[in-house]
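Numbering (our numbering), first residue to last: 6 to 970.
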């Protein structure tokens, strides 16, 4: 995958070579050594000789003053600090953040070259529209007016839900929050972002197990792990710097590393135990491990008794998964799984790590809950070195999820109920009736009108069907007629041919991005397509949430290049056009241009409303203090040792309870009862009531340190404070605020004063209660996680035993399951097709394939084929092949013959685009904006399939056939 090509388009123009420039560069010993140790993937030589990443030398500084700015890498979710050297407004040099406790002076290939992302010559430079089949330059004023007028016409004719606002995992927290608020003011829940198709099944599964749907510990806390279990994740390529923390535990603790994956990845190369299994059989694999634990009594019985509900029902299901049945379904020998079970049992606490290999399935929520149950059975939750460390894919996909850029919730996971809207209307000081009138109504099955304000919108995974489906079959009043792709790569989604058709049927397609993305070229539109150049995150500032829930503050490195604008300025422009600018920003200061909302003020509004997950204590001032004093934080605990942030955990990981004035230090590890709540400790959340079927759902006789309630307890309300006699601790102002909400019924989530949280924590109680985690989620299609065969399964002999779901309708759309699985595609399409990441590229790849340093490293889209399959098909290494899916999509790619994939399995990366079913689309890009490297999107050959709870797309186990091109 790292082979050098001699005919690559990624080379610089033939003015001067990189090496000839390097010969004239000033290189001191420190710069050389630092550059040599800094990069992965072939960048070390470039860095060491004065390339993209370099140390400022005296010679450089002499030409003018150099400012040092700190930002955060815009790839993956580790949160690596980028130290930029800026001279006269120009970003001239870059180093990794040596003080950052996350990256500790390291960068991966992508991080080492992010300066090129900001300065890249392939960026969109000015607004454009397609007219008569040609790209035409237009002004921002014309763009906003034309797009705005078109959208208002669509709204008038078809309602606000006929415009789909697709947000981004690349927005800062403040921009993500404003985006979701903007959609609310427009009057639609047809708003979503990348998290739907990467970790929505994680959020649903994990939140419904113990309360919060996020990474429980941190990358750094892995240093304390005695065992590391990775399933469906490849951190070595997807999150390379995270591997520093994994390998530290492996080396200093002699922690065994177990990697479960259908493909032998670069992460698996580090494993003590590599477990290969058939794609789509995660639940069977985990139950196979638990079978040995329960059989031998290796589970943590006391932990289960006091802190877990429903494990008996899990045991009943696990008992069916004998070693023989597990091997029949997964292909993994029972003897190996017994060894894995013993290893995990003998090395506690151990951590479980997963990524999209576990989430992107029709039963992805079952997978994520099974992983959680494994940790509950081992007693590894709420322990340093334990937990579920769920690595997120984009730099702010955690923050954008938290801030509600989703079709099923408002910011903070409040949902869409009347109470949720009332809460945010109070925060926004908005007339709730006016806000409700922005939304359309629909007639329900009972014949009554229902406001779409309270109904989930169409998820991004299904926007295609919002365009193509008959409105008679949808809960959407009309078809989606205008699509806004704002910082989103469409080639990261499945069903490419249908997406092309959907794009062509739209009245209007609007792309807002620093790069054109595949949205500019996939379709054959001649009109009605707009490209608006957004600034990168290096050209603005604000907060971003890393995967471990820590906030970091980006400084602005440079002014927006060309005619690009920041995302929050663009939100301001559209708000002005739609006539609600004064309302949406009534409590947020506006910059001198009269359009752009102030970033710090936006975060303060977030702090006023996000009580559910503790986005309330991270004021701009506290975050800036942390960034300025990174060196004072411990590299493992993340706690500041002295200095101005003494006692805080780096980035104030949420929940950071109460107001900033309360000074809560943040919560490093969720559900850790060994610390007082005031010092970052927590219990499991009492989110699911106090009893079920007569059983107690609250913790049984266990509690966090110094808690004045020494048993389980429900979530806090004003009534509970009164019953405990603690209401006297409230101030008069807090009491008045509580009365203004719902009096005694006001709870910890809706009290805008923060008084209920403050008083609960004063008595060392968790505001959200102290409950048992639930191993059984009675509100889900499968209360106990069960194995279900993929829709496109190669194992027809297993369908009767492990069928998929019946077809059903949710998220406004009909969703097929059994009607697909009943057909046998396996004879014509005998190979399982799965997909994943490469170290060189990220996401849809438009940014990284437009970066010459990265593009040089990987210039061909390819498919990995097992040698036996290749020989049987007459395919040789490096030859061109067709990979065709059962729904008609096909891609022409290069064959890579490798034993990384097992017999009967093929793998393709998903970062490529710009080719479509054998055709090169380079001439369809605007001049100068085509990426250096193009290739087929693997999702052109991917098929239908969506999770039963979240509509997560299936990308990890469909079928294909491969033939020589």
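Backbone N, C-alpha and C define an ideal beta-carbon position, used for all residues, glycine too.
Just so you know, these numbers come straight off a predicted model, no measurement behind them.
Query                                                                                                                           : Result
Whole-angstrom C-beta distance between residue 129 and residue 518, which should lie under 8 Å                                  : 7 Å
Beta-carbon spacing of residue 678, residue 708 below 9 Å                                                                       : yes
Check whether residue 278 and residue 207 have beta carbons under 9 Å apart                                                     : no
Cut-off 7 Å between Cβ atoms - residues of its own chain near residue 695, not counting five sequence neighbours on either side : 702, 703 and 719
Span of the alpha helix (DSSP H), counted from its first residue to its last, around residue 766                                : 760-767
DSSP-derived helix/strand/coil call for residue 951                                                                             : strand
Boundaries (first-last residue) of the alpha helix (DSSP H) holding residue 344                                                 : 339-351
Buried or exposed by the 16-neighbour rule on C-beta atoms within 10 Å, applied to residue 319                                  : buried
Unbroken beta strand (DSSP E) run spanning residue 171, endpoints                                                               : 168-171
Opposing strand residues paired with residue 922 [DSSP bridges]                                                                 : In DSSP, residue 922 forms no bridge with anything.
Residue 865 versus residue 882: straight-line alpha-carbon distance, rounded                                                    : 13 Å
Pair within 9 Å by beta-carbon distance, residue 842 and residue 398                                                            : yes
Which residues DSSP lists as bridging residue 456, in chain order                                                               : 446
Exposure of residue 95, with buried meaning 16 or more beta-carbon neighbours within 10 Å                                       : exposed
Proximity of residue 785 and residue 953 at Cβ, strictly below 9 Å                                                              : yes
Helix, strand or coil at residue 231 according to DSSP, with G and I counted as helix                                           : coil
Given residue 321 as reference, the closest of 905, 856, 780 and 774 once Cα atoms are compared                                 : 780
Residue 681 (DSSP reduced to helix, strand or coil)                                                                             : coil
Coarse secondary structure for residue 50, derived from DSSP in three states                                                    : A caution first: residue 50 carries a pLDDT of 34, below 50, which makes its placement in the model too unreliable to give a value.
Alpha helix (DSSP H) segment containing residue 292, residue limits                                                             : 287-301
For residue 547, the first and last residue of its enclosing beta strand (DSSP E)                                               : 547-550
Candidates 312, 615 and 666, of which the one nearest residue 757 by Cα                                                         : 615
Cβ-heavy atom distance, residue 95 to the ligand FAD, below 8 Å                                                                 : Ligands in the displayed structure: none, and consequently the ligand FAD is not present.
Cβ separation of residue 153 and residue 582, assumed to be a contact under 8 Å, to the nearest whole Å                         : 4 Å
Burial state of residue 385, where buried means 16 or more other Cβ atoms lie within 10 Å                                       : buried
Per-residue burial, residue 863 [other beta carbons within 10 Å of its own, 16 or more giving buried]                           : buried
Cutoff 6 Å; reference residue 304; Cβ partners in own chain excluding five residues on either side                              : 298 and 382
Nonlocal neighbours in the same chain, by C-beta distance under 8 Å from residue 884, ignoring five residues either side        : 899, 900, 969 and 970
Where the alpha helix (DSSP H) containing residue 247 begins and where it ends                                                  : 247-257
Secondary structure of residue 963, DSSP reduced to three states                                                                : strand
Sufficient close CB pairs (3 or more, under 8 Å) joining the stretch 441-459 to the stretch 118-128                             : no
Distance, residue 100 Cα to residue 562 Cα                                                                                      : 13 Å
Segment contact flag, the stretch 475-494 with the stretch 221-235, C-beta cutoff 8 Å, min 3 pairs                              : no
Which listed residue (531, 150, 516 and 817) has its alpha carbon closest to that of residue 450                                : 817
Anticipated Cβ contact below 8 Å, residue 753 with residue 632, distance rounded                                                : Their Cβ separation, rounded to whole angstroms, is 29 Å, which puts residue 753 and residue 632 out of contact at 8 Å.
Presumed contact (8 Å Cβ cut-off) between residue 844 and residue 245, rounded CB distance                                      : 6 Å
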